[in-house]
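This report refers to the structure that appears directly beneath it.
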DNA sequence: ATTGTCACCGAAAACGTTTTCGAAAAGACC
DNA sequence: GGTCTTTTCGAAAACGTTTTCGGTGACAAT
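Spelled out as structure tokens, the structure:
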């Protein structure tokens with residue numbers, strides 16, 4: 009039960025390997041008769057080219073690598089979905105690795121993918137990432153590279169992002185419109201650019217609306233979990249019982265906040281209004297339903313692959329390639345947790 | 009900025025490619041002096057073997073394929089997590105494809121992966137799968153193959169499963185213990201083995217407890233969605249207002265059921281008790297918290313890769329390999345939705 | 001001087017494909 | 001029959017690695 013090769017087809021047909029290869033790839037310099045013979049035999053033997061040999065010869069694997077902080081995450085699994093779909097449409101397969109939010113792992117995985125000689129890499133940084141060396145190495149080796157969502161502004165590569173600052177600004181203004189005057193912010197960890205930007209958006213919205221900014225009202229997540237949401241909600245309720253609105257870095261944490269308030273019977277949205285970020289599925293399912301920021305995650309995956317493919321093709325044809333940044337639109341989804349009484 | 013090859017190292021050192029290769033792979037027949045020279049130079053040039061060439065030569069790619077119905081799914085993304093982790097520990101990378109519950113796509117993807125010549129394939133069947141030809145082709149080509157969760161009993165390959173029938177039996181008995189006497193079942197689609205098994209478990213539990221089985225109380229999902237849960241809940245409330253317990257194929261649908269009952273103010277668990285399946289994260293977050301069946305998804309991924317690796321290694325060493333089936337334990341997680349008043 | 005034993009090295013084949021380039025065969029034209 | 005063009009084919013190199021197997025030289029023992 010050996011694998012079929014060009015050689016075998018050539019031998020049974022009494023022609024050369026070259027001609028077989030050409031027939032299969034529709035080269036013009038092979039007669040209709042021989043072409044048909046080759047195609048028929050290849051068909052009946054269900055020949056498929058040995059991709060290892062093709063890779064070696066063509067120096068490409070039609071495979072890309074994807075590194076994300078974690079797969080089990082509503083936002084990221086949607087992005088994965090978009091990337092896989094778009095890649096498959098274009099004849100590419102996707103190898104997925106997760107950094108588990110660890111810089112060390114992230115470095116190892118970049119290394120792994122480059123040694124695998126994938127045709128390109130798509131990546132979203134881990135929260136620990138404040139070191140750029142491994143990323144710069146990708147560029148130095150001229151491996152096509154796209155970052156999405158959690159990016160580094162210092163790296164000159166293609167990017168797919170949302171305007172986190174603007175989105176956060178809108179979210180906080182939404183709270184203000186609904187009547188909130190003392191607004192807390194549960195922010196993401198210190199490193200990630202988007203946590204920083206969302207914080208800045210929060211600050212700007214307060215500023216514009218003449219609400220004094222109070223650093224004591226800002227709580228910083230370490231692991232961005234449901235439990236952290238509960239803990240911070242408790243702190244807020246105890247330290248600042250007059251807070252009437254909270255803008256939370258992401259829905260998972262916001263749901264934790266709601267869970268705590270439900271437990272201690274603080275009424276949402278009557279006493280405190282809450283808005284999250286990313287529109288996780290569970291947000292429309294809990295009580296009260298969580299208002300949030302809509303983030304086009306699937307589309308982000310599609311666009312990320314699109315940019316990567318552009319760069320891969322440019323490289324193949326030896327064009328110069330100028331990195332582009334695509335900024336996707338967000339919107340506010342108003343649900344029960346910010347309803348104005 | 010060309011890639012470093014054995015040849016270049018050999019030339020600058022004035023020795024043969026063979027010796028360089030041997031030095032790097034710790035063959036005994038190379039003197040300590042030359043080995044050191046090679047290792048040092050390789051290090052300073054940051055040489056990494058061309059994996060395309062290695063693949064071709066060794067006939068393996070250290071890459072496996074994974075086909076699942078969909079990535080954006082709490083259960084499957086957890087399995088992915090387990091597989092990726094375990095694979096990476098063993099030096100394997102994972103290509104992920106999703107069938108989107110379509111038999112046609114599933115077939116195409118099996119084809120894709122085999123043509124890529126992955127070292128093995130792990131798979132969970134789509135709901136549409138009632139045709140075995142593409143699976144049999146995997147076995148015919150002797151590609152190491154493991155199925156998990158949604159399996160076909162007719163295919164002789166390694167499997168990682170839970171005892172769906174027993175788990176469902178226990179879930180329904182849990183309802184009975186809590187006082188339910190008229191229990192409906194929202195089941196999965198007709199094809200998947202585990203939907204069938206869970207239905208059988210439901211039936212057996214009724215039987216054993218002398219509750220008459222009424223086919224009218226069984227509702228069959230097509231797409232297994234949140235919305236279907238809401239619809240069926242409405243049907244149950246209208247057609248069988250005296251139903252006091254519902255066993256639901258999976259948490260996502262069960263959450264839909266709760267959502268409807270919350271809307272129309274039917275009290276859970278006082279009027280109707282509900283139990284789901286799989287322990288999705290959101291189940292501990294909604295109101296009331298959903299009782300469910302714990303399914304070790306991460307562990308399923310780990311074990312699946314383990315079995316695949318066994319088979320890969322057996323094949324490499326030309327051992328015979330006998331497929332094994334691993335059955336993982338499940339348990340009941342009791343939360344508010346089945347609380348006995 | 002012969003034989004034997006080691007330690008070390010390298011030539012060469014092999015994996016299966018793609019592509020260049022030259023050559024042979026066939027047909028066209030006078 | 002000779003020349004020229006067109007069609008069709010294949011030899012061979014190349015991609016970079018792994019591994020077999022034989023060879024060389026050094027040294028010791030006889």
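Residue numbers (our numbering), protein chains in the order written: chain A, 9 to 349; chain B, 9 to 349.
Think of the CB as a built atom: it goes at the ideal place given N, C-alpha and C, for glycine as much as any other residue.
Neighbour list for residue i in chain B, Cβ cutoff strictly below 8 angstroms
{"i": "residue 60(A)", "result": "60, 63, 64, 67, 69 and 125"}
{"i": "residue 263(A)", "result": "293"}
{"i": "residue 270(A)", "result": "295"}
{"i": "residue 290(A)", "result": "289, 290, 293 and 294"}
{"i": "residue 317(A)", "result": "The premise fails here: residue 317(A) is roughly 17 angstroms from chain B at the closest Cβ pair, so nothing lies under 8 angstroms."}
Residue i - DSSP class collapsed to helix/strand/coil
{"i": "residue 111(B)", "result": "helix"}
{"i": "residue 16(B)", "result": "helix"}
{"i": "residue 299(A)", "result": "strand"}
{"i": "residue 102(B)", "result": "strand"}
{"i": "residue 320(A)", "result": "helix"}
{"i": "residue 23(B)", "result": "coil"}
{"i": "residue 333(A)", "result": "strand"}
Rounded Cβ spacing between residue i and residue j (contact assumed at less than 8 angstroms)
{"i": "residue 293(B)", "j": "residue 263(A)", "result": "5 angstroms"}
{"i": "residue 143(B)", "j": "residue 160(B)", "result": "7 angstroms"}
{"i": "residue 283(A)", "j": "residue 346(A)", "result": "6 angstroms"}
{"i": "residue 404(B)", "j": "residue 123(A)", "result": "With chain B represented from 9 up to 349, any question about residue 404(B) goes unanswered, as that position is not in the structure."}
{"i": "residue 83(B)", "j": "residue 303(B)", "result": "7 angstroms"}
{"i": "residue 203(B)", "j": "residue 244(B)", "result": "The pair is not a contact, with the Cβ atoms about 18 angstroms apart (cut-off 8 angstroms)."}
{"i": "residue 221(A)", "j": "residue 211(A)", "result": "6 angstroms"}
{"i": "residue 205(A)", "j": "residue 176(A)", "result": "7 angstroms"}
{"i": "residue 199(B)", "j": "residue 108(B)", "result": "Rounded, the Cβ-Cβ distance is 15 angstroms, inconsistent with contact."}
{"i": "residue 96(A)", "j": "residue 105(B)", "result": "7 angstroms"}
{"i": "residue 178(B)", "j": "residue 334(B)", "result": "That belief does not hold up - the Cβ atoms of residue 178(B) and residue 334(B) are roughly 19 angstroms apart, past 8 angstroms."}
{"i": "residue 236(A)", "j": "residue 261(A)", "result": "6 angstroms"}
{"i": "residue 164(A)", "j": "residue 127(A)", "result": "That pair is no contact at about 20 angstroms."}
{"i": "residue 254(B)", "j": "residue 184(B)", "result": "Actually they are not in contact, since the Cβ atoms of residue 254(B) and residue 184(B) sit about 13 angstroms apart, beyond 8 angstroms."}
Candidates the options, of which the one nearest residue i by Cα
{"i": "residue 287(A)", "options": "274(A), 305(A), 40(A) and 295(A)", "result": "305(A)"}
{"i": "residue 301(B)", "options": "289(B), 309(B) and 269(B)", "result": "289(B)"}
{"i": "residue 139(A)", "options": "272(A), 130(A), 316(A) and 110(A)", "result": "110(A)"}
{"i": "residue 90(A)", "options": "79(B), 86(B) and 96(B)", "result": "79(B)"}
{"i": "residue 125(A)", "options": "274(B), 62(B) and 47(B)", "result": "62(B)"}
{"i": "residue 33(B)", "options": "316(B), 46(B), 23(B) and 22(B)", "result": "46(B)"}
{"i": "residue 5(A)", "options": "112(A), 329(A), 148(A) and 72(A)", "result": "Since the first and last residues shown for chain A are 9 and 349, residue 5(A) lies out of range."}
{"i": "residue 94(B)", "options": "114(B), 115(B) and 72(B)", "result": "72(B)"}
{"i": "residue 256(B)", "options": "196(B), 217(B), 322(B) and 296(B)", "result": "196(B)"}
{"i": "residue 42(A)", "options": "340(A), 26(A) and 317(A)", "result": "26(A)"}
{"i": "residue 56(A)", "options": "40(A), 15(A) and 22(A)", "result": "15(A)"}
{"i": "residue 102(A)", "options": "121(B), 114(B), 85(B) and 99(B)", "result": "121(B)"}
{"i": "residue 270(A)", "options": "291(A), 252(A) and 238(A)", "result": "238(A)"}
{"i": "residue 234(B)", "options": "285(B), 18(B), 259(B) and 272(B)", "result": "259(B)"}
{"i": "residue 216(B)", "options": "148(B), 174(B), 130(B) and 88(B)", "result": "174(B)"}
{"i": "residue 147(A)", "options": "53(A), 185(A), 276(A) and 331(A)", "result": "331(A)"}
{"i": "residue 337(B)", "options": "88(B), 279(B), 171(B) and 29(B)", "result": "171(B)"}
{"i": "residue 154(B)", "options": "308(B), 252(B) and 186(B)", "result": "308(B)"}
{"i": "residue 187(A)", "options": "44(A), 65(A), 249(A) and 278(A)", "result": "278(A)"}
{"i": "residue 77(B)", "options": "115(B), 276(B), 99(B) and 65(B)", "result": "115(B)"}
Chain-ordered chain A contacts of residue i [CB-CB under 7 angstroms]
{"i": "residue 85(B)", "result": "79, 80 and 85"}
{"i": "residue 56(B)", "result": "123"}
{"i": "residue 114(B)", "result": "In chain order: nothing, as chain A lies at least about 13 angstroms away."}
{"i": "residue 298(B)", "result": "What residue 298(B) touches in chain A: nothing, since even the nearest Cβ is about 10 angstroms away."}
Partner residues on chain B for residue i, Cβ-Cβ distance less than 7 angstroms
{"i": "residue 267(A)", "result": "293"}
Residue i: contacting residues in chain A (beta-carbon distance under 8 angstroms)
{"i": "residue 92(B)", "result": "79, 104, 105 and 106"}
{"i": "residue 147(B)", "result": "None at all; the shortest Cβ gap to chain A is about 12 angstroms."}
Closer than 9 angstroms at the beta carbon, the chain B residues around residue i
{"i": "residue 89(A)", "result": "78, 79, 80 and 106"}
{"i": "residue 47(A)", "result": "Near residue 47(A) there are no residues of chain B at all, since even the closest Cβ is about 17 angstroms away, more than 9 angstroms."}
Partner residues on chain A for residue i, Cβ-Cβ distance less than 9 angstroms
{"i": "residue 136(B)", "result": "None at all; the shortest Cβ gap to chain A is about 18 angstroms."}
Those runs of the alpha helix (DSSP H) which lie wholly inside the stretch 153-231 of chain B and span at least 4 residues
Positions of the alpha helix (DSSP H) runs, each at least 4 residues long and wholly inside the stretch 153-231 of chain B, are given as 172-185 and 201-216 in order along the chain.
What are the uninterrupted segments assigned as alpha helix (DSSP H) that are 4 or more residues long and contained completely in the stretch 243-318 of chain A, given in chain order?
For secondary structure counted as the alpha helix (DSSP H) over 4 or more consecutive residues, the stretch 243-318 of chain A holds these complete runs in sequence order: 259-271.
Enumerate, from N- to C-terminal direction, the unbroken alpha helix (DSSP H) stretches of 4 or more residues contained entirely within the stretch 59-105 of chain A.
Runs of the alpha helix (DSSP H) inside the stretch 59-105 of chain A: 59-66 and 82-97.
Kindly provide the ranges of any beta strand (DSSP E) runs that are 3 or more residues long and lie completely inside the stretch 110-143 of chain B, ordered along the chain.
Runs of the beta strand (DSSP E) inside the stretch 110-143 of chain B: 128-131.
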